[in-house]
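Participant: Below you will find the structure I want to go over with you.
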Amino acid sequence: MAGLHRGLQNIWDNMQTAKPTIADTSAHAEFIDQIVDAGLDPEDPWVGGYVSVVWERARPFFLSRGLPAHGSKVLEFGCNFGATSVMLASMGANVTAIDINPSYVNIARTNARAYGVSMHTEFLHVGDTRRLPFGDQSFDLVVCNSVLEYVDDEHLDTVLREIDRVLKTGGILFVLGTSNKLWPREVHSGVWLVNYIPSVLDPLLRRIVPKFERGLNPWRLVRSLDGYENLDASDQGKSLMEGKRKTSSPLKCALLQLFGLASTAFGTSLGLLLPSIMVALKKNASSAQTS
Ligand SMILES: C[S@@+](CC[C@H](N)C(=O)[O-])C[C@H]1O[C@@H](n2cnc3c(N)ncnc32)[C@H](O)[C@@H]1O
């Protein structure tokens with residue numbers, strides 16, 4: 504019965520949207536030129552193939568949560584080359600995307616043109632994301648895919664307050680792909696123990712560790728958004744596991760299921776304990792933090 508349900512769910516998911524493909528070859532050629540000019544490798548799956556990567560690895564976790572609602576207003580915070588924005592627009596959302604890096608914003612805009620989703624995407628350079636150029640309660644969904652760990656530590660609380668300000672009451676902040684400080688191996692760089700070294704040593708570490716990156720403390724995230732409902736805790740990890748079943752092996756899923764039961768018993772959610780944080784937080788009326 505569960506197998507039949509999953510099979511029908513897969514058919515439904517695939518019917519909903521087709522994987523984005525290049526619609527404008529000259530825009531794609533421009534994208535490649537911009538990537539090369541930025542000193543990056545277009546053959547790198549996390550550069551030229553980024554849209555496919557998020558489609559395969561991230562989309563199942565959006566679908567399992569019913570996100571994004573068709574026609575909804577979505578903010579992608581930290582859009583890089585626009586991969587997640589292209590995916591979200593292809594899934595029917597109207598996406599506004601921002602990044603602190605102006606050349607990435609240009610590349611993202613070209614990428615969206617290449618994939619034929621310009622009509623449903625807007626890319627803005629925001630040099631200091633402690634202040635966002637949007638009115639209160641502008642968005643139904645804010646997506647932070649692999650970005651909050653890069654926000655300067657001393658800016659993070661202000662940035663989260665600003666995200667809270669622009670998110671509608673009842674809206675969702677979906678954080679995913681975010682390196683977790685609890686883990687001994689930093690997930691993006693693969694460097695061991697760096698997460699456990701006091702951050703006062705960062706200037707030194709930046710000089711001696713070639714790919715120095717740090718994880719985000721998941722408790723800091725949920726504490727900063729006090730009063731938000733952790734939807735992954737509310738559904739006892741069902742949505743997360745539904746996504747995992749489409750992206751991970753059965754053995755890994757079985758282990759995660761056990762880990763998930765333990766995390767529920769400890770009153771938290773599985774996605775806050777994984778090497779890459781994943782959590783969907785719902786803004787309740789009582790959780791508005793802006794004054
Ligand atoms: C790994 S990339 C994000 C990938 C992207 N979200 C996607 O799914 O395709 C990290 C991005 O975060 C951006 N970034 C770093 N600090 C930021 C900040 N304070 N505010 C917004 N974006 C920031 C970087 O410029 C970079 O483009």
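Going by the working numbering, the sequence shown opens with residue 504, and the numbers climb by one from there. Where a beta carbon is used, it is the ideal one built from N, C-alpha and C, also for glycine. These numbers come from a predicted model, not from an experiment.
Spell out the partners DSSP gives Ser-682 in its beta bridges.
Facilitator: One-based indexing of the sequence shown puts residue 682 at position 179. The partner list for Ser-682 (beta bridge, DSSP) reads Ser-779.
Participant: Entirely within the stretch 593-642 and at least 3 residues each: give me those beta strand (DSSP E) ranges in chain order.
Facilitator: As far as the stretch 593-642 is concerned, its whole beta strand (DSSP E) runs of at least 3 residues are 597-602, 624-628.
Participant: Tell me whether Arg-568 sits in a helix, a strand or coil according to DSSP, three-state version.
Facilitator: Your numbering for residue 568 matches position 65 in the sequence shown. If DSSP states are grouped into helix, strand and coil, Arg-568 belongs with coil.
Participant: Can you give the Cα-Cα distance for Ser-794 and Leu-663, rounded to whole angstroms?
Facilitator: Walking along the sequence shown from the start, residue 794 turns up at place 291. Walking along the sequence shown from the start, residue 663 turns up at place 160. A caution first: Ser-794 carries a pLDDT of 41, below 50, which makes its placement in the model too unreliable to give a value.
Participant: Apart from the five residues on each side of it in sequence, which residues of its chain come closer than 7 Å, Cβ to Cβ, to Glu-533?
Facilitator: For this step, residue 533 is matched to residue 30 along the sequence shown. Closer than 7 Å at Cβ, skipping near neighbours: Thr-613.
Participant: Counting only runs of 4+ residues fully inside the stretch 670-733, write out the alpha helix (DSSP H) ranges in chain order.
Facilitator: Restricted to the stretch 670-733, the alpha helix (DSSP H) segments that are unbroken, complete and at least 4 residues in length are 705-711, 721-727, listed in chain order.
Participant: Just verifying my parser: in three-state terms, what is the DSSP assignment at Val-646?
Facilitator: Walking along the sequence shown from the start, residue 646 turns up at place 143. Of the three classes helix, strand and coil, the one that applies to Val-646 here is strand, per DSSP.
Participant: Between the C-alpha atoms of Ala-526 and Arg-616, what's the straight-line distance to the nearest angstrom?
Facilitator: The residue you call residue 526 lines up with position 23 of the sequence shown. The residue you call residue 616 lines up with position 113 of the sequence shown. Straight-line Cα distance between these residues: approximately 8 Å.
Participant: Return the bridge partner residues of Glu-579 from the DSSP annotation.
Facilitator: Residue 579 sits at position 76 when you count from the first residue of the sequence shown. Beta-bridge pairing links Glu-579 to Ala-600, Val-646.
Participant: For Asp-667, count the other beta carbons within 10 Å of its own beta carbon; 16 or more makes it buried, fewer makes it exposed. Which is it?
Facilitator: Here the question's residue 667 lines up with position 164 in the sequence shown. Residue environment analysis places Asp-667 among the buried positions, since at least 16 neighbouring C-beta atoms fall within 10 angstroms of its C-beta.
Participant: Apart from the five residues on each side of it in sequence, which residues of its chain come closer than 6 Å, Cβ to Cβ, to Leu-776?
Facilitator: Within the sequence shown, the letter at position 273 stands for residue 776. Hits under 6 Å: Ser-766.
Participant: Per DSSP, what kind of secondary structure is Lys-749 in: helix, strand or coil?
Facilitator: What you label residue 749 is simply residue 246 of the sequence shown in a count that begins at 1. Helix at Lys-749.
Participant: Report the three-state DSSP secondary structure of Lys-786 (helix, strand or coil).
Facilitator: On the sequence shown, position 283 is the one that residue 786 refers to. Coil at Lys-786, not helix or strand.
Participant: Grab me the residues of Lys-714's own chain with a C-beta within less than 7 Å of its C-beta, minus the 5 sequence neighbours each way, in chain order.
Facilitator: Locating residue 714 in the sequence shown gives position 211, counting from the first residue. Once the five neighbours on either side are set aside, the close Cβ partners of Lys-714 are Ser-692, Val-694.
Participant: Can you grab the Cα-Cα spacing for the pair Phe-580 / Thr-632, in whole Å?
Facilitator: The residue given as residue 580 occupies position 77 in the sequence shown. The residue given as residue 632 occupies position 129 in the sequence shown. Distance between the alpha carbons of Phe-580 and Thr-632: 9 Å.
Participant: Within the continuous alpha helix (DSSP H) that includes Glu-795, where are the two ends?
Facilitator: Residue 795 cannot be examined here, being either before or after the span of the chain that is shown, 504 to 794.
Participant: Run the Cβ filter for me: residues under 5 Å from any heavy atom of ligand 1, listed in the order they occur in the chain.
Facilitator: Gly-581, Asn-583, Ala-586, Thr-587, Asp-602, Ile-603, Asn-604, Tyr-607, Thr-632, Asn-648, Ser-649, Val-650, Tyr-653, Val-654
Participant: Out of Ser-779, Lys-741, Val-703, state which residue places its alpha-carbon closest to the alpha-carbon of Leu-761.
Facilitator: The sequence position of residue 761 within the sequence shown is 258, counting from 1. Selected option, being the one with the closest Cα: Lys-741.
Participant: Thinking just about the alpha-carbon of each residue, which of Asn-787, Lys-785, Met-781, Lys-786 is nearest to the one in Leu-651?
Facilitator: Taking the sequence shown and counting its residues from 1, the one referred to as residue 651 is at position 148. The candidate whose alpha carbon is nearest that of Leu-651 is Met-781.
Participant: Since Val-556 contacts Pro-545 with CB under 8 Å, what's their CB separation in whole angstroms?
Facilitator: Here residue 556 is taken as the residue at index 53 of the sequence shown, counted from 1. Here residue 545 is taken as the residue at index 42 of the sequence shown, counted from 1. Actually they are not in contact, since the Cβ atoms of Val-556 and Pro-545 sit about 14 Å apart, beyond 8 Å.
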